[in-house]
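Working notes for the structure below.
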Amino acid sequence: MKENNQPQVPSVALVYDKVNTQYGGAEWVLRALHDLFPKAPLFTSLYAPKNALWASVFKVVPSFLQKLPIKSHKLLLWLFPLAFESLDLSGYDVVISITSGEAKGVLTKPNQVHLSYVLTPPRYLYTHRSEYIDRHRFFSLPLIRSLIHIPLHYLQWWDQAAAYRPDQMIAISKKVQERIHILYARDADLIYPPLPQLPVVSKKTIDTLSQSRWHLCLSRLVGYKRIDLAVKACVANNSTLVIAGEGEEKRKLVQLAGSKAVLRHGSEEVISFVTDHTRTQGSILFLSHVTNRERTALLAAAQSLIMPGLEDFGITALEAATLGTPSILHAESGVSEVLKNQESAIHIHEESVLAVQTALSQLTTINWRSSTLQAQATSCSTKVFTSKMNDYVYDSIIRLKNDSNI
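Under this note's numbering, the first residue of the sequence shown is numbered 14, with each subsequent residue one higher.
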């Protein structure tokens, strides 16, 4: 792009589905966009500042749902389309929606550019609808279960219509590109998400944690992540596994681990707990939540990061690679496009215990090179991401201007 063709700095608004969870890959995308457009407010349906501490750098503008006494987004699900359609974005040149749900359905005018960075089409409407219904007790009531499909059908119809509102779609992986094409009959460009900036952890801490061999799952404990496969495989192989994270699957995972399960209590220091209990071969440790510095130490010290489920991307594997730790991950996960098989990861081709067991056995047969792991991961640096997004925004503005002059 020629410099003299670049328009003046646009006013930008960011839109995200819900600002109510702790830090994750999508939140790092938002932080990177904040660095690029520091004055951009963040519009959303619901905002929980005590949970989403990362959002404190934004001016957060929630929808009318924020004023309702009901805070459960499951009960408010059918109102999300209206919530996003009610947001007033008329004062901005560019609207960027970051979404795995309803944020792409905001309304914009012909003189505005709407770019949608799609994490995935809504799982609960397409690929994981049955799982979504099964995992919520409220939906298990016979009458509710028979009626829930009515709003879900409506939401799917609305999602199909809303998918045509963005001027352009950007996918986080080739796999998501394919889903967009199949579900929405739309083309999407590809920009991989940015690698988070990790805190510095002392070599002494990493060496202390590395005294024993153990593997790591660092994830929300929900069904589609398939952490159960990692637990079963490690139990069968008598391998030590450390699980950091919380979620609705935790009780089930503890039961699967049986007598090998060791649960950390809130007062126990993470590094000492892991160091002490990984000395017992075959233990399955449950850490609950960990701090950003603790998670970095765990990623650096583990023999491998295990991510058996099909991920839209899987940014944690990039973090592990920058620290020299290989991953066991699904070959269809987006991050497998960046981390190559037997160079920085082992790709498994099915969600099965046997596939994870086989990958665990292969780990010690490969000469892992930290330089290769780090080089592949840093191809998704924040600098690369912000540069591509910046060019994309300005190119889109120029395209709109040229189309208006036709």
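Virtual Cβ for every residue (Gly too), placed ideally from N, Cα, C.
Values in this document were obtained by computation on a predicted structure and should not be read as measured data.
Minimum Cα-Cα distance from S129 among the listed residues K80, I163, I204 and D48 corresponds to I204. Counting along the chain, the unbroken alpha helix (DSSP H) around C247 starts and ends at I240 to N250. A direct Cα-Cα distance of roughly 8 Å separates L231 from T329. In this chain, Y177 is not harboured by any alpha helix (DSSP H), its DSSP state being neither H nor E.
Distances from the CA of H127 to each of G236, P179 and V351 were compared; the closest alpha carbon is that of P179. For L234, the closest C-alpha among the options T377, L43 and F299 is that of F299. With respect to the 8 Å criterion, A246 and V369 are classified as neighbours on the basis of their beta carbons.
Relative to Q294, the option among H228, S349 and L386 whose CA is nearest is H228.
Check the Cα spacing between G279 and each of G337, G258, M182 and D48: the tightest is with G258.
Note that the region 180–193 touches the region 318–335; at least 3 beta-carbon pairs, one per stretch, sit closer than 8 Å.
The beta carbons of P75 and S103 sit no closer together than 8 Å. For the pair R136 and E261, the Cα-to-Cα distance works out to about 17 Å. Under the three-state reduction of DSSP, H47 is assigned to helix. Taking Y139 as the centre and dropping the five residues before and after it, the same chain places the C-beta of L196 closer than 7 Å to its C-beta, in chain order. V214: not part of any alpha helix (DSSP H); DSSP gives it neither H nor E. Judged by beta-carbon spacing, V303 lies beyond the 8 Å limit of L331, meaning their Cβ atoms are not closer than that value. Under the three-state reduction of DSSP, N403 is assigned to helix. Here DSSP, grouped into helix, strand and coil, assigns F326 to coil. Take the alpha-carbon of G236 and the one of L413: they are about 42 Å apart.
Following the DSSP letters along the chain, one finds I109 inside the beta strand (DSSP E) bounded by residues V107 to T112. For H228, there is no enclosing alpha helix (DSSP H); the enclosing beta strand (DSSP E) covers residues H228 to L231.
In the structure shown, S272 adopts helical secondary structure according to DSSP, grouped into three states. With respect to the 8 Å criterion, L222 and I284 are classified as neighbours on the basis of their beta carbons. Look at P75 here: in three-state DSSP terms it is strand. Under the DSSP assignment, A96 falls in the alpha helix (DSSP H) whose first and last residues are F93 to E98. Per DSSP, the continuous alpha helix (DSSP H) segment holding Y197 begins and ends at K187 to Y197.
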